[in-house]
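The numbering used here numbers the first residue of the sequence shown as 594 and each following residue consecutively.
By construction, the Cβ of each residue, glycine as well, lies at the ideal position given by its N, Cα and C atoms.
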Amino acid sequence: MCTNLKTLGFILLLSSLFSQNLFSQSINDSLSTTNSQKEYIIKDNTKIKNEIDSLKLVLKNLDVILNNNLKNLYILKYGKEDGIRVANKQVWNGMTEQMLQDGWGKADTVNANSYKWGIYTQWIYGDITLFFKNGKLFEWEEKKKNKKDN
594 MCTNLKTLGF ILLLSSLFSQ NLFSQSINDS LSTTNSQKEY IIKDNTKIKN EIDSLKLVLK
654 NLDVILNNNL KNLYILKYGK EDGIRVANKQ VWNGMTEQML QDGWGKADTV NANSYKWGIY
714 TQWIYGDITL FFKNGKLFEW EEKKKNKKDN
C-alpha cells in the first residue's frame with residue numbers, strides 16, 4: 594500500500610509539474626503575442642505621428658497660400674496700402690465697416706442707431722469696441738481688465 598501511495602504521489606507530482614509546464618507555456622505564448630502586438634502598435638503609432646507631422650506642414654503651407662491670396666484679394670478690393678492693412682488685421686481711423694469685417698471677421702455684436710446726421714454703429718469683438726459714423730471708423734476702445742482677472 595505504501596508503494597501505491599508513493600506511486601500515486603509521484604503521478605500527482607508529475608501531473609502537477611506537467612500542468613504547470615503547460616500553464617507556463619501558455620503564459621509565454623501569450624506574452625509573445627502581446628509583445629508582437631505591442632511592436633505593431635508602436636510602429637503604427639510612429640507612422641501616424643509622421644503622417645500628423647506631414648499634415649501639419651501641409652496645413653502651414655496652405656495657410657501661407659491662403660494669407661497671400663487674401664492679401665492679393667484685399668489689394669485688388671481696396672488698393673495696395675489699405676489692402677495690406679486689412680490683410681494684416683490693422684485698424685485705422687477712416688477704414689470702412691467692410692474693411693474691418695474682412696480683416697477681423699464677423700463681430701460678436703453689432704449695434705446700430707440712426708440719427709438725423711447719419712448712422713452710428715458699434716462693432717464689438719470681445720473686449721474691443723469699434724465706433725463707426727456713417728460706415729467710417731472714428732474711434733475704438735479696449736476694456737481694461739481688472740487685476741483680479743489676471
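message = Would you call the stretch 715-727 in contact with the stretch 692-701, where contact means no fewer than 3 C-beta pairs closer than 8 Å?
response = Contact between the stretch 715-727 and the stretch 692-701 is established, with three or more Cβ pairs separated by less than 8 Å.
request  = Could you pull out every unbroken beta strand (DSSP E) segment of at least 3 residues lying fully inside the stretch 627-666, listed in chain order?
outcome  = none
task = Identify which residue in 707, 710, 660, 727 has its Cα closest to the Cα of residue 695.
result = Counting from one through the sequence shown, the residue named residue 695 turns up at place 102. For residue 695, the nearest C-alpha among the options comes from 660.
request  = Take the Cβ of residue 714 as the centre, count every other Cβ of all protein chains shown within 10 Å, and call the residue buried at 16 or more, exposed below.
outcome  = Here residue 714 refers to the residue found at position 121 of the sequence shown. Buried, since its Cβ has 16 or more Cβ neighbours within 10 Å.
request  = Determine the burial state of residue 644: buried for a count of at least 16 other Cβ atoms within 10 Å of its Cβ, exposed for fewer.
outcome  = The residue labelled residue 644 in the question sits at position 51 within the sequence shown. Residue 644 is exposed by the Cβ-count criterion.
task = Tell me where the beta strand (DSSP E) around residue 697 begins and ends.
result = Residue 697 sits at position 104 when you count from the first residue of the sequence shown. From DSSP, residue 697 is part of no beta strand (DSSP E) but of the alpha helix (DSSP H) over 690-697.
query = Who are the near neighbours of residue 687 in its chain, counting only those whose CB is closer than 7 Å to its CB and skipping five residues on each side?
reply = Against the sequence shown, residue 687 aligns to sequence position 94. Result list for residue 687: 729, 730, in chain order.
query = In its own chain, which residues sit with a C-beta less than 6 Å from the C-beta of residue 704, not counting the 5 before and 5 after it?
reply = Here residue 704 is taken as the residue at index 111 of the sequence shown, counted from 1. Within the same chain, residue 704 has close Cβ partners 715.
ask   = Given residue 635, which residues of its chain have a CB within under 8 Å of its CB, disregarding the five upstream and five downstream residues?
value = On the sequence shown, position 42 is the one that residue 635 refers to. None.
query = Are the CB atoms of residue 735 and residue 724 nearer to each other than 8 Å?
reply = Here the question's residue 735 lines up with position 142 in the sequence shown. Here the question's residue 724 lines up with position 131 in the sequence shown. Contact flag unset, no.
Top-ranked residue by Cα proximity to residue 726, from 677, 689, 667 = Walking along the sequence shown from the start, residue 726 turns up at place 133. Looking at the Cα atoms, 689 is the closest of the given residues.
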